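Residue numbers for the sequence shown, in the working numbering: 45 to 306.
C-beta: ideal position from N, C-alpha, C; glycine also.
Keep in mind it's a predicted model, so treat the numbers as computed, not measured.
Data first, discussion second: the structure below is written as structure tokens.
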Amino acid sequence: MVTAGHKTKFGIDPRFCAQAKELLSKYDMKLVGINQHIGSLFLEPAPYVEAAENLLEMVLDNFPGLDFVDFGGGFGVPYRPDESRLDFGKLREMLFPVLDSFMERYDNKYVHFKCEPGRYLVAECGLLLGTVHAVKENYGEAYVGTDIGFNVLMRPVLYDSYHEVKLLRNSDETRKGAGEKALPATIVGNICESGDILAAKRLLGDARENDIIAVENAGAYGYSMASNYNCRLRPAEVLKTAQGEVKLIRAADTLESLIENF
45 MVTAGHKTKF GIDPRFCAQA KELLSKYDMK LVGINQHIGS LFLEPAPYVE AAENLLEMVL
105 DNFPGLDFVD FGGGFGVPYR PDESRLDFGK LREMLFPVLD SFMERYDNKY VHFKCEPGRY
165 LVAECGLLLG TVHAVKENYG EAYVGTDIGF NVLMRPVLYD SYHEVKLLRN SDETRKGAGE
225 KALPATIVGN ICESGDILAA KRLLGDAREN DIIAVENAGA YGYSMASNYN CRLRPAEVLK
285 TAQGEVKLIR AADTLESLIE NF
């Protein structure tokens, strides 16, 4: 996912650093820090390190005395089964020499370096559970209807993002088609939009009404992007601690909470 480049709404093009410095001087302002964010879901360190190196060279040429330099986020997690995990050891080996070189040349030896690893910290902590409400075939296509609409998880519709989906029985036994009828099925939600698709043509196994659907890697950009579109209620959030304790940390919406501001 790329957020940088020549055609983007974000940031200031490096070509305009001179104008930025003129504005700082004109209005007697001090620039205390600089930030960049070139994209997200990096599973290789090279793009992140290259961007950091370019940013630091720009700082050296234009902005002395900064308190911090923020390299932004973008550290990815493997959403697909065939994706590899980001090698932080390799990232460290590539990035630290760049930082050392910068510090040897920069005037403020107390400048702080920052990063924003939000997705990396929380994405894999979230498991979204829903219920199968209907199973049908339509002109040779199998559909599994659930109560997980895009009001609950927006990423597949908004970004065409991939999430692993598992089929559970109420006994918590995971079934992914082994030894059962494994017709490729499209998993859909309960929103009145034909594009309300959670996952397309997945081998789930013998899905049945009241089975539980589990969506992996739902801890990032899940509830924070949820809404009450179609007057659908958002689910509860439950935390399982390292000690195995289960806590309700956010109650599910109710009809009363939905209409309280109408």
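Contacting residues, own chain, Cβ-Cβ under 7 Å from residue i (five flanking each side not counted)
| i | result |
| --- | --- |
| L15 | Residue 15 lies beyond the range of the chain shown here (45 to 306); nothing can be said about it. |
| L292 | A280 and V282 |
| F86 | Y92, G118, F119, G120 and L130 |
| I56 | A64 |
DSSP three-state assignment for residue i, whether helix, strand or coil
| i | result |
| --- | --- |
| N98 | helix |
| K210 | strand |
| L104 | helix |
| G174 | strand |
| V201 | helix |
| D144 | helix |
| G77 | strand |
| E181 | strand |
| F132 | helix |
| Q287 | coil |
Residue i beta carbon near the ligand PLP (any heavy atom closer than 6 Å)
| i | result |
| --- | --- |
| R213 | Absence of the ligand PLP from the depicted structure is noted, as is the absence of any ligand whatsoever, leaving it without description. |
Beta-carbon proximity check, residue i vs residue j, cutoff 7 Å
| i | j | result |
| --- | --- | --- |
| K210 | A258 | yes |
| G249 | L242 | no |
| A178 | L227 | no |
| G77 | F119 | no |
| L172 | A262 | yes |
| E208 | E260 | yes |
| R294 | Y206 | no |
| E160 | G116 | yes |
| D191 | G174 | yes |
Opening and closing residue of the beta strand (DSSP E) in which residue i lies
| i | result |
| --- | --- |
| I257 | I256 to V259 |
| P228 | P228 to V232 |
| K245 | I241 to L247 |
| F157 | H156 to K158 |
| G189 | E185 to T190 |
| V290 | V290 to R294 |
| F112 | F112 to D114 |
Option in the options with minimal Cα separation from residue i
| i | options | result |
| --- | --- | --- |
| N272 | A286, E300 and A251 | E300 |
| N254 | K284, A286, D240 and R213 | R213 |
| G170 | S145, D144, L197 and G189 | L197 |
| I256 | V176, E237 and N152 | V176 |
| G266 | P200, K70, E181 and F60 | P200 |
| L99 | M73, D72, R246 and V142 | V142 |
| E168 | P58, P122 and E97 | P122 |
| E101 | N182, S145 and M73 | S145 |
| S268 | K51, R163, N152 and H50 | R163 |
| D204 | D240, E97 and F54 | D240 |
Cutoff 6 Å; reference residue i; Cβ partners in own chain excluding five residues on either side
| i | result |
| --- | --- |
| L139 | V93 |
| D114 | N79 and K158 |
| A244 | T230 |
| I82 | A48 and A95 |
| M73 | none |
Limits of the alpha helix (DSSP H) - the one that residue i falls within
| i | result |
| --- | --- |
| A64 | C61 to K70 |
| L283 | Premise fails: L283 lies in the beta strand (DSSP E), E281 to K284, not in any alpha helix (DSSP H). |
| I303 | L299 to I303 |
| V166 | G162 to V166 |
Nonlocal neighbours in the same chain, by C-beta distance under 8 Å from residue i, ignoring five residues either side
| i | result |
| --- | --- |
| L235 | Per the sequence presented here, residue 235 reads as Ile, with Leu not at that position. Once the five neighbours on either side are set aside, the close Cβ partners of I235 are G193, F194, N195, Y273, N274 and R276. |
| R149 | L104 |
| L135 | P89, Y92 and V93 |
| R246 | V209, P228, A229, T230 and I231 |
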